[in-house]
Each structure stands twice: as structure tokens, then as C-alpha cells.
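Visitor: Residue numbers for the sequence shown follow our numbering, beginning at 1 and rising by one.
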Amino acid sequence: MDRWLNRVAVVTGASSGIGAACCKDLVAKGLIVVGLARREERLKELKESLPADQASRFHGRKCDVSKEQEVIDTFAWIDATLGGADVLVNNAGIVRPGVGITKEANSADLRAVLDTNVLGVAWCTRETFKSLQRRNINDGHVLIVNSVAGHRVPNIPGFTMGMYAPSKHAVTALTEVLRQEFLSNKTQTKVTSISPGAVDTEIVAEEHKANFPDLPLLRSEDVADAVSYCIQTPPHVQIHELLIKPIGETI
Numbered sequence: 001m002d003r004w005l006n007r008v009a010v011v012t013g014a015s016s017g018i019g020a021a022c023c024k025d026l027v028a029k030g031l032i033v034v035g036l037a038r039r040e041e042r043l044k045e046l047k048e049s050l051p052a053d054q055a056s057r058f059h060g061r062k063c064d065v066s067k068e069q070e071v072i073d074t075f076a077w078i079d080a081t082l083g084g085a086d087v088l089v090n091n092a093g094i095v096r097p098g099v100g101i102t103k104e105a106n107s108a109d110l111r112a113v114l115d116t117n118v119l120g121v122a123w124c125t126r127e128t129f130k131s132l133q134r135r136n137i138n139d140g141h142v143l144i145v146n147s148v149a150g151h152r153v154p155n156i157p158g159f160t161m162g163m164y165a166p167s168k169h170a171v172t173a174l175t176e177v178l179r180q181e182f183l184s185n186k187t188q189t190k191v192t193s194i195s196p197g198a199v200d201t202e203i204v205a206e207e208h209k210a211n212f213p214d215l216p217l218l219r220s221e222d223v224a225d226a227v228s229y230c231i232q233t234p235p236h237v238q239i240h241e242l243l244i245k246p247i248g249e250t251i
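Below is the structure:
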């Protein structure tokens with residue numbers, strides 16, 4: 001991790017769960033971390049929970065990644081204040097439990113999932129890549145927190161994945177498109193999709209835990225460990241897809 005000391009990592013969806021765990025892990029490893037989230041008060045709480053030396057290297061910024069202009073403005077601030085982003089962890093994601101594709105009056109919910117889970121990744125990656133190119137930085141890393149549902153749609157009786165699984169399948173394709181675009185731009189910047197199984201976060205609502213009490217769950221820290229593992233690989237090594245499941249998962 002030495003080559004990442006005091007370089008800038010941006011983590012989306014940083015207010016809880018995987019995003020918060022990534023912020024804590026990366027700042028502890030010596031990076032300057034910018035945590036983006038809609039819940040600004042959670043970011044303040046995260047900063048206050050860090051040791052003083054780490055808190056000085058953590059910056060929380062309110063940003064809804066589904067809104068393109070907010071993303072543009074936020075990355076402009078990162079460029080002007082911190083010199084630009086070198087690592088991006090695209091973690092922000094939402095799910096609308098029980099909102100099926102065929103459900104009545106579901107337009108807003110379906111659009112919200114696509115805007116956050118797919119377009120949010122595209123906006124943030126575009127702005128990070130532009131920053132890297134402007135600064136002639138050739139060794140950045142873009143990571144995308146995907147899902148096992150982005151590779152196979154679980155068939156759970158009585159439960160619908162709604163637009164969540166389609167959005168994550170889009171992310172799987174997006175990762176490959178980004179790899180090809182990075183290659184055509186002759187950059188050594190890497191792109192990695194990390195696909196966890198079920199993770200014990202706020203996105204897994206308590207009522208769904210109650211419905212699936214025997215479902216094995218990963219911890220947010222397990223995914224944060226995977227992020228660190230991927231970014232510390234040698235410059236010539238790119239982990240393009242990393243699939244992580246808890247022991248005992250059957251879906």
C-alpha cells in the first residue's frame with residue numbers, strides 16, 4: 001500500500017455499511033479519503049469516530065450520485081481542494097424491496113434504482129477519469145461494488161429482485177466497457193468489479209432478515225478488505241472481477 005500513501009480515494013455511499021467500512025480502512029492505511037453520501041450528519045459522525053490523525057485525512061461531502069450536476073460539482077471541489085481523485089470506490093447503491101417490474105405506479109422506484117446504481121457509477125467514473133487524464137496520472141484505480149445478483153438472478157420464492165438485479169447486470173457490462181475504454185486511452189488505470197453475496201448492512205432490511213433467518217451474511221469489513229486487496233496488487237495485475245460469498249450461501 002506504500003504507493004497509495006497520501007493519495008486521494010473517493011468512496012460513494014460512505015454514510016454506512018460497506019462505504020463507511022471502506023473509508024475507515026483506507027484512511028487507516030494512509031490515504032486521504034473523501035466520503036460521499038446524501039446523509040451529511042452520518043459523515044460527520046464517521047469523522048468524529050476516527051483517531052485524530054486519521055480524521056484530519058477524512059473529508060465528508062454531501063453528494064447524491066444519481067444527480068449528475070452534484071457529481072460534477074463535487075469532483076471539481078476534490079480537484080481544487082485535494083488535487084484530484086486517484087482511487088474511486090463506487091459503492092453507492094439502493095434497492096426497493098418488493099417493488100416488482102410489473103407493480104403498478106412503480107416508475108419512480110425503478111428509475112431511482114437505475115439512476116443510482118448505474119448512472120451514478122458512470123458519472124463518478126467519468127469525473128475521476130477526467131481528473132486522472134488532466135493530471136497525467138496513469139495508475140489510478142476504479143472499483144465498483146457490484147453484487148452476485150449482477151451475474152445470476154437469485155430465484156427466491158415470494159421475493160422479487162425488481163430492478164436491482166438488472167441494474168447490477170448493467171454494472172457487470174459497464175465494468176467491461178470501462179476496461180475497454182481505459183485500454184483504448186492507453187492508460188494503466190485499473191477497473192475492478194467486486195461482487196459480494198448478501199452483506200449485513202442497512203440495505204438488507206430487518207424485515208427481510210426476519211424472512212430469511214438462516215441466510216449467511218458477509219460483514220461490511222469483508223468487502224472493505226477486498227477493496228484494499230485489489231488496489232494493492234502490483235501495477236501489472238488487474239483483478240477485473242472478484243466474487244465473494246459467505247460460507248453456506250445457497251442462493
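Where is the CB? At the ideal position from N, CA and C, for every residue including glycine.
In this text the structure is predicted, and so the values were computed from the model without any measurement.
Put Thr187 into one of helix, strand or coil per three-state DSSP.
Guide: Working through the sequence shown from its first residue, we reach residue 187 at position 187. DSSP places Thr187 in coil when its eight states are reduced to three.
Visitor: Tell me which residues share the same chain as Glu241 and place their Cβ nearer than 6 Å to its Cβ, disregarding the 5 neighbours each side in the sequence.
Guide: As a first step, residue 241 must be located in the sequence shown, where it is residue number 241. Hits under 6 Å: Ser193.
Visitor: Give a yes or no on contact between the region 158-175 and the region 89-106, applying the rule of three or more CB pairs nearer than 8 Å.
Guide: Touching, yes.
Visitor: Just curious, the alpha helix (DSSP H) that Arg126 is in, first and last residue?
Guide: Along the sequence shown, one-based indexing puts residue 126 at 126. From DSSP, the alpha helix (DSSP H) with Arg126 extends over 120-134.
Visitor: Please state the DSSP three-state secondary structure of Ala105.
Guide: Looking up residue 105 in the sequence shown gives position 105. In this structure, Ala105 counts as coil in the three-state DSSP scheme.
Visitor: Quick one: is Pro216 near chain D, going by C-beta distance under 8 Å?
Guide: No chain D is part of this structure, which consists of one protein chain only.
Visitor: Could you tell me the distance, in whole angstroms, from the CA atom of Lys90 to the CA atom of Ile72?
Guide: Here the question's residue 90 lines up with position 90 in the sequence shown. Here the question's residue 72 lines up with position 72 in the sequence shown. Per the sequence shown, the amino acid found at residue 90 is Asn instead of Lys. The straight-line gap from Cα to Cα measures roughly 15 Å.
Visitor: Thinking Ser195 and Gly150 are a contact (beta carbons under 8 Å), I'd like their distance in whole angstroms, please.
Guide: Sequence index remark: in the sequence shown, residue 195 carries index 195 (1-based). Sequence index remark: in the sequence shown, residue 150 carries index 150 (1-based). Right, their Cβ atoms sit about 6 Å apart.
Visitor: Determine the direct distance from the alpha carbon of Pro166 to that of Val153, and round the result to whole angstroms.
Guide: In the sequence shown, the residue the question calls residue 153 occupies position 153. In the sequence shown, the residue the question calls residue 166 occupies position 166. Each residue's Cα considered, the two are about 8 Å apart.
Visitor: Tell me, please, which residues DSSP counts as bridged to Pro196.
Guide: By one-based count along the sequence shown, residue 196 stands at place 196. DSSP, once it has assigned bridges, lists Ile244 as partnering Pro196.
Visitor: Can you name, in chain order, every residue of its own chain whose Cβ lies under 6 Å from the Cβ of Trp4, other than the five neighbours on each side?
Guide: Counting from one through the sequence shown, the residue named residue 4 turns up at place 4. Same-chain partners within the cutoff: Leu31.
Visitor: Take the Cβ of Leu183 as the centre, count every other Cβ of all protein chains shown within 10 Å, and call the residue buried at 16 or more, exposed below.
Guide: Mapped onto the sequence shown, residue 183 falls at position 183. Exposed, since its Cβ has fewer than 16 Cβ neighbours within 10 Å.
Visitor: Among Lys245, Leu143, Gln188, which residue has its Cα nearest to the Cα of Tyr229?
Guide: Taking the first residue of the sequence shown as 1, we reach residue 229 at position 229. Per the C-alpha coordinates, the member of Lys245, Leu143, Gln188 positioned closest to Tyr229 is Leu143.
Visitor: For Lys29, does the three-state DSSP call read helix, strand or coil?
Guide: Walking along the sequence shown from the start, residue 29 turns up at place 29. If DSSP states are grouped into helix, strand and coil, Lys29 belongs with coil.
Visitor: Taking the Cβ atom as the reference point for each residue, do Lys245 and Val148 lie within a distance shorter than 8 Å?
Guide: Position 245 of the sequence shown, counted from the first residue, corresponds to residue 245. Position 148 of the sequence shown, counted from the first residue, corresponds to residue 148. It is a contact, given that the beta carbons lie within the stated cut-off.
Visitor: Report the start-end ranges of each alpha helix (DSSP H) in the region 48-91 that is 4 residues or longer and not cut off at the edges.
Guide: Those alpha helix (DSSP H) runs which fall completely within the region 48-91 and span 4+ residues are 52-55, 68-82.
Visitor: Sorted by chain position, which residues of the same chain lie with C-beta nearer than 8 Å to Val113's C-beta, five sequence neighbours on each side aside?
Guide: If you number the sequence shown from 1, residue 113 lands on position 113. Contacts found: Ile94, Val95, Arg96, Gly162, Met163, Tyr164, Ser167.
Visitor: Do Leu36 and Arg7 have their beta-carbon atoms positioned less than 8 Å apart in this structure?
Guide: As a working note, residue 7 is residue 7 in the sequence shown. As a working note, residue 36 is residue 36 in the sequence shown. No, the Cβ-Cβ distance between Arg7 and Leu36 is not below 8 Å.
Visitor: With respect to the beta strand (DSSP E) encompassing Ile144, which residues constitute its N-terminal and C-terminal limits?
Guide: Counting from one through the sequence shown, the residue named residue 144 turns up at place 144. Unbroken beta strand (DSSP E) run through Ile144: 141-145.
Visitor: Helix, strand or coil for Val10, going by three-state DSSP, please let me know.
Guide: The residue you call residue 10 lines up with position 10 of the sequence shown. Correct three-state label for Val10: strand.
Visitor: So, helix, strand or coil for Leu215, using DSSP?
Guide: Counting from 1 along the sequence shown, the entry for residue 215 is found at position 215. Coil, per DSSP.
Visitor: My output table needs one value for Gly98: the three-state DSSP class, helix, strand or coil.
Guide: Walking along the sequence shown from the start, residue 98 turns up at place 98. Correct three-state label for Gly98: coil.
Visitor: I need the straight-line Cα distance from Ala85 to Leu218, nearest angstrom please.
Guide: The residue you call residue 85 lines up with position 85 of the sequence shown. The residue you call residue 218 lines up with position 218 of the sequence shown. If you take the alpha carbons of Ala85 and Leu218, they lie about 28 Å apart.
Visitor: Is the Cβ-Cβ distance between Asn138 and Thr175 less than 8 Å?
Guide: Here residue 138 refers to the residue found at position 138 of the sequence shown. Here residue 175 refers to the residue found at position 175 of the sequence shown. Against a cut-off of 8 Å, the Cβ pair of Thr175 and Asn138 comes out as no contact.
Visitor: By a C-beta neighbour count over all protein chains shown, 10 Å radius and 16 as the cutoff for buried, is Asp25 buried or exposed?
Guide: Counted from its first residue, the sequence shown places residue 25 at position 25. It is buried - the Cβ of Asp25 has at least 16 other Cβ atoms within 10 Å.
Visitor: Give the DSSP bridge partners of Leu46, in chain order.
Guide: Along the sequence shown, one-based indexing puts residue 46 at 46. Partner(s): none; Leu46 has no beta bridge.
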